[in-house]
Structure formats: C-alpha cells, structure tokens
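Asks: I have a structure I would like to understand better, so I am pasting it below and will then ask my questions one at a time.
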C-alpha cells in the first residue's frame, strides 16, 4: 500500500468513527437542536411560534427566502420586477421548484395559498401583513370574497401581485412563514405534522409528539445532495434547566434558550458556546393619550421618559436586553434609528424634576398613575424598577395592575387600560414594527394628531426602501418626542451553540436556515 493510499484509508476510517451511534463529523452526523415547548400547529397561516418557523422555513420555501445573514433573497422566485409607482410586482418562479412528492410548484399554488391566508374563516395570525395587497383589508373585514385578492398566476411560472399602496419591503415580507405556499392537499385539509408535504431543502420525515421533529433531505430540491448536514432533529425542551443539562451532556448541539439564572455560569464555564444576539423585540410604555392625567400633557410624559434609567433596568436583567432610545429595533431590514439626544442620566433627572415642579407635582403633591402589564417576569422587573425610579426622583405614586396577555390586549384595543401600559412587541418586518406607531394599528395606539397622521401617510406612500426608512425614522422621532410611546429595552436572544457547529449565525429575527449550517 502506498503512503497516499494509506492516508486515504485512514481518513475514511476516521470520517466514520461512531460516537453514540453517529459519525463524529460529515453530513451524516445528526444535528440536535432544542426547540422549546411542543408546537400547537405547523400550519404557516396559524402558527405564531418562533420554533415553528425554524421547521417551516426549512421544509418549505417561499417566493423569497432568508440567506445565512437573515437577509431575504431569491427563493422559489429566481427574480422579480416592480413598476415605478411600486404597485405592480411580477415574480418569476424557478423551473426546478418541486414539492416533496415530485410535482411542480406553480404560481397558482401561491395564489390559492394566499387566498386561504386572507380568508376570515382561516383566522390567520398574520394575514394583516399582506394588507398592502389589493383588496386585502376588505377581504379581512368580510366585505369581499377571496377571489378579489390582487394576486394572479399569468402562467405556471409567473405571478403578478397588485398593491393598493407601495410596499417596498415586499420581498423581505414574503420570506416569512405566513407567505409560504401550501401543497394542494394541505389547502383542503391541513395534515398532521408527519404527513406534511412541502417544497424546501428538507422534508419532515417524522414527528413524535412531545419528543421531537425529524428532518431529512427533500430529494426533489436542487440543494438536497449538497447539504452540509443531512439529518436534523428538533427536540421538545420545555424545561430550560433540563435543556442546559442535555447540552452539557452532549445530547444537544444547540439550545432554544438559556435560563437567565445560568448566564454567569455559562459565561464562565462555556464562553465558546454562549451566544447573545440582538432580537427584533421592544419593551415600551404606551401612554393613554385619550384620557387620564397624561393625555394632553407632553411635559409630564417627557419628565417620565427622562427619569427612566434604561441602562440600570438592563443591568437588572444581566445586560442582555439593550437600552432603547427609539421605537424600531436597530438593524431590522437595515434600519438605522434616529439619533436622539442622550445626555447623562443626572442631567436627564434634573430636567425631569424641573418639568414636574413647573407642573405643580413633587413629593408633597405627587402625580398618581396606574401601570398595567402582563404576567411576564422580565416585564415585572422592568415595571418595578421604573416605578421605583419615578418615586425616588419625581415623587410619582404608581399603582401596578397585572393582567393576562389576552385581557391586556383587549383593554388596550378599547383604550380601557388606565394611564399607561407596559408592552412587548416582536417585529418580523419594518412595517409590522410600524404598527405600534400607527393610530388605530395593531398596537392599539389611540392618538388623534394631524402631524402624526401626515407622517403615517408619508410612510404609506414611500415607494423605495430608502424612502420608507426615512419616513419611518421621522415617525419614530416624533412619537418619542411626544412621549406617546416610551421605549425601554430592545430584545435579545440567549442560547448555547456547540463550537463544532458552523453557520449558526445570530440575526435580529432569530431565523436559521439549516442548508447553510455544517460541521466544523
């Protein structure tokens, strides 16, 4: 045997060494991922769970798809064009797009899937994200049938989308799970998880309830034979402490989260595995602008915002969340927030005290406010800290009320939430983030202000991504200056990722496309 042949045989032998039943490296080694709690559904029109998106965006593929950096690019659509007024889009589908059963993916699959999405009977969680498409608002209100949806298949590989207002971020929007195509059989009766047919690089081979989801290559996808990791198991991990133990034992390569109480331990003992990444979430205070002592009192709202020491609140939470001085998460679709004044906290406190004194309030004549929030541990810590700061610096007396999330959302929608409410908002797209800034939007803001309406109108009329971001920055600045919404913290994700995993890139949406992942 020659030296070259000997080396080749040794290399082959080491490539198939088994550790607990699987190869040490190479595409056949199974990637084991913690996914949190068991899913309620994998129906992309009804699902709201982040871990569901980890499965859906890998077994299915939309017109556009996220790259390794979380930025949307070509998916089933290999290219697209848009008219100068931003109202008519044409998507050209790849000729090799196939369902996992080998049949072709056609433009009509998107038409029928999106009609199901906007059908009020579907009760889709994110149907409103398609609201820029012609007739969608009326369809969602039940005033028109789904056949009126402004989407048409010109032929098997050409899809036309008509909008009633520009949506320059449409390609980014269409990479989300809600816009995925459904196999014809699934549109009639959505199947159990293990029988789901989709069109992504992986297929769902098996689902064991309360145990795991098993992914394997979809042989009909063009990248199936070049996947860096061919088999992926997503394990139900409802107990974060137990998940950590499984990671330390080598049973998991990626965790869904990390208990906050274990952050210091992980930073000390496993720094090479600890990942803390910015997320597209915001914790903020929404002021009742229609009634109560803060309505019509910009001076009082500004005093409360100034006295809020966001860095101190972030410190109480391990400095994992980031202090927020604006309302749109930094980096979402490339968004750069407005540069707002940020003087030292001592200077901010002095200005806040002066404003309160000028309004006739202080320790002897306290301003009394109610604060509503949900049963969430992080939110509770933030509310208690904010109340203590306002009491100490401004003499404000606060009454804290806690409600379940659904009840709180109903109270915000009707305006019956007292003086202020502390909320969390996770934004998959810029325009979804803008919903909290929009009077009458999904965020429940009730603020009758002509200048605000003009800024929203300018945002809705933006034809380019650049113009959209400029308009959004102006809207962000205005609401912060008005004190109608007071940002507290931007979100972050914490998890453990084995150093042997390459390509698990943190991104603001926390989306992960497995075809870009491989073993080191």
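In our numbering, the protein residues as written are 385 to 904.
All C-beta atoms in this analysis are idealised placements derived from N, C-alpha and C, irrespective of residue type, glycine included.
A quick note: this is a predicted structure, and the numbers were derived from the prediction, not measured.
Does DSSP classify residue 535 as helix, strand or coil?
Replies: Note: residue 535 maps to strand in three-state DSSP.
Asks: Evaluate the contact criterion for the segment 410 to 423 versus the segment 533 to 544: three or more CB pairs, one atom per stretch, below 8 angstroms.
Replies: Contact fails: fewer than three Cβ-Cβ distances are below 8 angstroms.
Asks: Where in the segment 810 to 898 do unbroken runs of the beta strand (DSSP E), each at least 3 residues long, occur, reported from the N-terminal end onward?
Replies: Runs of the beta strand (DSSP E) inside the segment 810 to 898: 869 to 880.
Asks: Tell me whether the segment 668 to 682 and the segment 789 to 806 touch, counting them as touching only if at least three CB pairs, one residue from each stretch, are closer than 8 angstroms.
Replies: Verdict: yes, contact present.
Asks: Extract the residue ranges of the alpha helix (DSSP H) inside the segment 670 to 730, only unbroken runs of 4 or more that lie entirely within it.
Replies: Entirely contained in the segment 670 to 730, the alpha helix (DSSP H) runs reaching 4 residues are, in chain order, 682 to 691 and 694 to 700.
Asks: Grouping DSSP H, G and I as helix and E and B as strand, with all else coil, what is residue 550?
Replies: Of the three classes helix, strand and coil, the one that applies to residue 550 here is coil, per DSSP.
Asks: Pull up the distance between the alpha-carbon of residue 788 and that of residue 759, whole angstroms please.
Replies: C-alpha separation (whole angstroms): 6 angstroms.
Asks: Where does residue 625 fall in DSSP's three states?
Replies: Of the three classes helix, strand and coil, the one that applies to residue 625 here is helix, per DSSP.
Asks: Using a Cβ-Cβ cut-off of 6 angstroms (strictly less than) and excluding sequence neighbours within five positions of residue 840, which residues of its own chain qualify?
Replies: These residues qualify, in order along the chain: 822.
Asks: Looking at residue 889 and residue 452, is the spacing between their C-beta atoms short of 8 angstroms?
Replies: Contact: yes.
Asks: When burial is assigned at 16 or more other CB atoms within 10 Å of the CB, is residue 402 buried or exposed?
Replies: The predicted model places residue 402 with a pLDDT of 37, which falls under 50 and marks its position as unreliable; any figure quoted below should be read in that light. It counts as exposed.
Asks: By Cβ distance, which residues of its chain are closer than 7 angstroms to residue 461, with the 5 residues on each side in sequence left out?
Replies: Hits under 7 angstroms: 447, 448, 475, 476 and 477.
Asks: Count the other C-beta atoms from every protein chain shown that fall within 10 angstroms of the C-beta of residue 670, then say buried if there are 16 or more, exposed otherwise.
Replies: Classification of residue 670: buried, given that the 10 Å Cβ count is 16 or more.
Asks: Are the segment 736 to 755 and the segment 780 to 794 touching by the rule of at least three beta carbon pairs closer than 8 angstroms?
Replies: Yes: at least three Cβ pairs fall under 8 angstroms.
Asks: So residue 598 is in the beta strand (DSSP E); what residue range does that whole segment cover?
Replies: Counting along the chain, the beta strand (DSSP E) containing residue 598 begins and ends at 596 to 601.
Asks: Work out the CA separation of residue 744 and residue 436 for me, nearest whole Å.
Replies: So the alpha carbons of these two residues sit roughly 52 angstroms apart.
Asks: With which residues is residue 616 paired in a DSSP beta bridge?
Replies: Paired residue(s): 415 and 599.
Asks: Quick check on DSSP: helix, strand or coil for residue 527?
Replies: Residue state, collapsed to three classes: coil.
Asks: Mind reading off the beta-carbon distance from residue 719 to residue 814? Whole number of angstroms is fine, and I expect it under 8 angstroms.
Replies: About 6 angstroms; that satisfies the 8 angstroms criterion.
Asks: Write down the C-beta distance between residue 426 and residue 440 rounded to the nearest angstrom, noting that I regard them as a contact closer than 8 angstroms.
Replies: Contact flag correct, Cβ pair sits at about 6 angstroms.
Asks: Within 10 angstroms of its Cβ, does residue 627 collect 16 or more other Cβ (buried), or is it exposed?
Replies: So residue 627 counts as buried.
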